[in-house]
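If you're matching positions, the sequence shown starts at 1 in UniProt numbering and goes up one per residue. Heads up, the beta-carbon is just placed ideally off N, CA and C, and yes, glycines get one too.
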Amino acid sequence: MFKSMFRLMHGQLPVGAGCLDDRNALALIDHQARVATRDLALARRELAAAVASERSEAHRLRNLRSRMATLDGRAVAAVRAGFADMAEETAADIATIATDVLVGSQCLKVLVAEIERQKQRIADAELRLTRCDRGRRIVMAEKAVRALRERTTGRAEEDGQLLAEAEATLACLRRSQMQGLSTRAPAPRQPAALPGVFAGPPSQRRSPSAAEVLVGIRNRAMMASRVA
């Protein structure tokens, strides 16, 4: 029982010969983890069967002891009633059952002790398997980091130089655009000041009178006739 667990606990899984590279090592680790997981599942099933057997044996012993108590009561009653033959037969049955109870108790004691040992072994195997899985994930992460570094080695300086050139080109383009905008921008047009009361700063303006409006109209009419 639990032979596969013994192989797992004592490190007897095959590991191959010599040093291994990363690819072979990871493949071997995955294979060993699958084997260990399968053996652990088998050990759990065997332990469950042993626990069921222990419960069945304990139940059988309880029934035997109950049967012994019943027969003992009958034997005592037979002796009191003067039925010696019946008492002797009952005593023989009690002796046979007592032998079965003694053997069953010893077997149950051994089975319970073995179950406790196997529980400890399974718990230890589960812990070791968990640690192995963590280590495998760490190794795979380190492998991925190394692969990333190998892909980026030799390209960092080139990429940095290309980025610097792109930044310089962009800065030059922005300067050119700013210079072009400054040379092509038209001068802002100043609004023509209205004659009379509309001239001057806003703080000094006031509403024109009718006479002032009439003067402005005549002036514009005179200028229009001259142009014509």
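{"Asked": "Closest to residue 104 by C-alpha separation, out of 61, 172, 125, 170, would be which residue?", "Found": "61"}
{"Asked": "Thinking C-beta only, is residue 136 closer than 8 Å to residue 33?", "Found": "yes"}
{"Asked": "Whose C-beta lies closer than 6 Å to the C-beta of residue 111 among residues of the same chain, with five residues either side of it excluded?", "Found": "54"}
{"Asked": "Under DSSP, the alpha helix (DSSP H) around residue 104 begins and ends at which residues?", "Found": "84 to 152"}
{"Asked": "Looking at residue 115: is its Cβ nearer than 8 Å to the Cβ of residue 42?", "Found": "no"}
{"Asked": "Is residue 179 buried or exposed, if buried means 16 or more other CB atoms sit within 10 Å of its CB?", "Found": "exposed"}
{"Asked": "List the whole-angstrom C-beta distance separating residue 92 from residue 86, where the pair is believed to meet the contact cut-off of C-beta under 8 Å.", "Found": "Actually they do not touch by this definition, with Cβ atoms about 11 Å apart."}
{"Asked": "When we look at the beta-carbon of residue 39 and count the other beta-carbons within 10 Å, is it buried (16 or more) or exposed?", "Found": "buried"}
{"Asked": "Out of curiosity, what's the CA-to-CA distance linking residue 191 and residue 162?", "Found": "Only weak support is given to the placement of residue 191: the predicted model assigns it a pLDDT of 48, under 50, and the question is left unresolved by the model."}
{"Asked": "Rounded to the nearest angstrom, how far is the Cβ of residue 101 from that of residue 65, given a contact under 8 Å?", "Found": "6 Å"}
{"Asked": "Using three-state DSSP, classify residue 222 as helix, strand or coil.", "Found": "helix"}
{"Asked": "So residue 90 and residue 71 are in contact, right, with Cβ under 8 Å, and what is the actual spacing, rounded?", "Found": "5 Å"}
{"Asked": "Do the CB positions of residue 97 and residue 67 come within less than 8 Å of each other?", "Found": "yes"}
{"Asked": "Would you kindly check if the distance between the Cβ of residue 145 and the Cβ of residue 26 is under 8 Å?", "Found": "no"}
{"Asked": "With a 10 Å radius around its C-beta and 16 neighbouring C-beta atoms as the bar for buried, classify residue 75 as buried or exposed.", "Found": "buried"}
{"Asked": "How many angstroms separate the CA atom of residue 107 from the CA atom of residue 56?", "Found": "12 Å"}
{"Asked": "Compare the beta carbon distance of residue 45 and residue 122 with 8 Å and say whether it is the shorter of the two.", "Found": "no"}
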